[in-house]
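In our numbering, each residue carries its 1-based index in the sequence shown increased by 786.
Glycine included, every Cβ here is placed at the ideal spot set by N, Cα and C.
In this text, all values refer to a predicted model and were calculated from it rather than measured experimentally.
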Amino acid sequence: MEKTVSMRSVIIRRLTLLVPALLVSILQMTGDAAEKRTYTEIVTVKIESDEYTALSKAKERAKEEAIRSYLNDVYKDRTATLNLSGDDRYIQDMEVVESVVEGFFSKELKARIRVTINEEEVRAYLKRQGAVTGRNEERRIIVMIIPGRMDSGDASAVLDNIRAEIRNRLTAAEYTVIDSDDNAVNETLTEEADYNRMVQHLNSIADKLADKGEWLVLGKVDTSVSPNGSANIYRAMMTGKVVGLANRDILWEGNPDGAARAPSSEALAALRQAAIAGGNSFAESVVAALDSKTLVKERVGDRFEFIFATGGNYGLERKIMKLLKEDIKGVKNVSRKTGGKGDMVVDVQYIGVIDDMVDFLYDNFQKDADFKRWNPIKQGSRVVFK
């Protein structure tokens, strides 16, 4: 009898130790499962050189399709504004379940690949993007990237990779990126657009997009291939500039590029690498310029031109100048360009958002019988009160 009681005690003690351990294991497994979302993608790629290269392309495509499926499942309402491409940071694990070579003369590799999404990294990306749109509505940047000379490779793939790299880099730097996903930008930006012509008409483009953001990034991509020993050098050469939409100041101009060395059999993969490197270099230059210019802007402000229909009335002009110089916080300098006969034109250097200043003037003008009839019309960095 004593032996039986003793055995029961041992079993109870062991269960007491075992149950918490099992619970911990179950909770850990549950937690891991909550963090993992796995997709099995079936992709087919043409074998242009060897099976290894084809399988690498299949993996890249599987990553992109898995991320696209994940976004559609989890963030369906935000899919149109997200572009995570096939970035490795958003992939937790990948396994080739099966791969088969089919065809005789034109061979293809068909692969079934299991991809696990790194949801923590995706959430971190969304948090950065959400923080920007939630807190810093004044850090909106419009990105317009167009093709230049592209004699080799897949132009659309090169542009997509560059645009994705620029979007990711600017978003990580806490800028709200507005690009070809936006209807207004897409109407202005066409694949047949010419960079030099767009530069010539930069003011009219800026007028169309002025209410969309604070800065415009305009860029062109040229690709080139040059022999280098037994391989080729593939380049994605960028030309671009950053323009302040409020004052049309050129904040940056440059020609960064990206390069990759590979045999001709791996041309598309090499062009993709060059595009990613070029896009990253371009975005880093833009961010560095914006960060430094933004500090200057916070100290000295932006220049704006205000036009008032005073009709040469000295009393009205004096009243407006007094309001501009003494009553508006953030105004650093006011200078009259013309006046005395027709409209009065005034240059104003102002630290802040132009809409705030226009609202302030409008509210004050509503209290004055002489100005109450005026309606402000914004034209980029110019505001007309008539």
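{"Check": "Where do the N-terminal and C-terminal ends of the alpha helix (DSSP H) with Y1100 fall, by residue?", "Outcome": "Y1100 to E1112"}
{"Check": "Would you be able to state if there are at least three C-beta pairs under 8 angstroms between the segment 1108-1115 and the segment 1132-1151?", "Outcome": "yes"}
{"Check": "With distances taken between CB atoms, is the gap from I952 to G1097 smaller than 8 angstroms?", "Outcome": "no"}
{"Check": "Mapping the DSSP letters down to three states, classify F845 as helix, strand or coil.", "Outcome": "According to the sequence displayed, residue 845 carries Lys and not Phe. K845: helix per DSSP, three-state reduction."}
{"Check": "Hey, how far is the Cα of A819 from the Cα of N904?", "Outcome": "Caution applies to A819, whose pLDDT of 39 falls short of 50 and renders its modelled position unreliable; the value that the coordinates give is listed next. Each residue's Cα considered, the two are about 12 angstroms apart."}
{"Check": "Kindly indicate the opening and closing residues of the alpha helix (DSSP H) around K994.", "Outcome": "L988 to L995"}
{"Check": "Any idea if P1042 is buried or exposed, counting beta-carbon neighbours within 10 angstroms, 16 or more meaning buried?", "Outcome": "buried"}
{"Check": "With DSSP as the reference, identify every bridge partner of W1001, one or two as the case may be.", "Outcome": "I927 and G1030"}
{"Check": "With C-beta atoms as the reference, is G1044 less than 8 angstroms away from A1022?", "Outcome": "yes"}
{"Check": "With burial defined as no fewer than 16 other Cβ atoms inside 10 Å of the residue's Cβ, what is the status of T1124: buried or exposed?", "Outcome": "exposed"}
{"Check": "Out of F1171, K994, A1046 and N858, point me to the one whose CA is closest to P1013's CA.", "Outcome": "A1046"}
{"Check": "Exposed or buried, which one is E827 when buried takes at least 16 other CB atoms within 10 Å?", "Outcome": "buried"}
{"Check": "Closer than 6 angstroms by C-beta to S855: which residues in its own chain qualify, once you throw out the five before and the five after it? Chain order, please.", "Outcome": "Y825"}
{"Check": "In the DSSP assignment, what residue or residues form a beta bridge with L1076?", "Outcome": "In DSSP, L1076 forms no bridge with anything."}
{"Check": "On the criterion of 16 or more Cβ atoms from any shown chain inside 10 Å, does F891 qualify as buried, or is it exposed?", "Outcome": "exposed"}
{"Check": "Using the Cα positions of G1030 and W1001, report the straight-line distance between them to the nearest angstrom.", "Outcome": "5 angstroms"}
{"Check": "Would you report the Cα separation of L995 and A970, rounded to the nearest angstrom?", "Outcome": "7 angstroms"}
{"Check": "State the Cα-Cα distance for the pair L1110 and V1120, rounded to the nearest angstrom.", "Outcome": "7 angstroms"}
{"Check": "Please check the pair V829 and A844, which I expect to be a contact at CB under 8 angstroms, by giving their CB distance rounded to whole angstroms.", "Outcome": "5 angstroms"}
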